[in-house]
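Student: Just passing along the structure, written as structure tokens.
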Amino acid sequence: MLESSFGVNFFLKTPWKKYDQLRFVYLRITVEGVSKEISTKRKWNIVRWNQKMERAIGTKEDAGSLNHFLDFITTGITNFRTKLINSSETITATKLIEYAQGKSYSKAKVLEEFRSIQS
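Below is the structure:
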């Protein structure tokens with residue numbers, strides 16, 4: 001099923017200690033108006049973050065590394081979404097978040113293939 005709205009966003013979440021300059025980078029996935037978010041477990045300085053582009057600012061190695069990491073996550077989620085569309089499965093924000101966390105359900109396919117070979 002093709003959804004009508006889909007979005008992948010990255011943002012810095014405000015901690016309890018608002019004076020702290022380092023904040024966790026969060027991933028938010030929105031499908032059909034339903035949003036789910038998780039932490040990428042990476043911290044970044046708010047001064048070196050561009051909220052409009054949702055990326056780290058600068059040419060230093062750490063900024064480039066974080067931006068490549070965020071691009072890798074975005075590409076993986078987009079590829080998984082395309083795979084779900086091609087297999088005519090419903091696309092939900094929860095499925096995409098679980099994929100981003102590594103909780104993919106494709107691991108059970110090995111057992112299914114093994115059983116089909118056995119019979």
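All residue numbers for the sequence shown refer to UniProt numbering, where the first residue is 1 and numbers rise by one.
Even glycine gets a Cβ: it sits at the ideal position worked out from N, Cα and C.
#1: Is DSSP giving K83 helix, strand or coil here?
#2: Can you give me the C-alpha to C-alpha distance between E54 and E61, rounded to a whole angstrom?
#3: Does DSSP put I73 in a helix, a strand or coil?
#4: Mapping DSSP to helix, strand and coil, what is K43?
#5: Nearest CA to the CA of K95: which residue from N86, F80, S87?
#6: The beta strand (DSSP E) spanning Y26 covers which residue range?
#7: Can you look up K13 in the DSSP assignment and give me helix, strand or coil?
#8: Per DSSP, what kind of secondary structure is I38 in: helix, strand or coil?
#9: Taking 8 Å as the cut-off, does the stretch 43-52 touch the stretch 18-33 (at least 3 CB pairs, one atom from each stretch)?
Tutor: This is what the structure holds:
#1: The three-state reading of DSSP puts K83 in helix, counting H, G and I together.
#2: When rounded, the distance between both Cα atoms is 17 Å.
#3: Residue state, collapsed to three classes: helix.
#4: In the structure shown, K43 sits in a strand (DSSP, three-state: E or B).
#5: If we check each option's Cα against that of K95, F80 comes out closest.
#6: 22-31 is the span of the beta strand (DSSP E), which, as asked, contains Y26.
#7: Of the three classes helix, strand and coil, the one that applies to K13 here is coil, per DSSP.
#8: I38: strand per DSSP, three-state reduction.
#9: In this structure the stretch 18-33 lies against the stretch 43-52, because at least three pairs of beta carbons, one per stretch, are closer than 8 Å.
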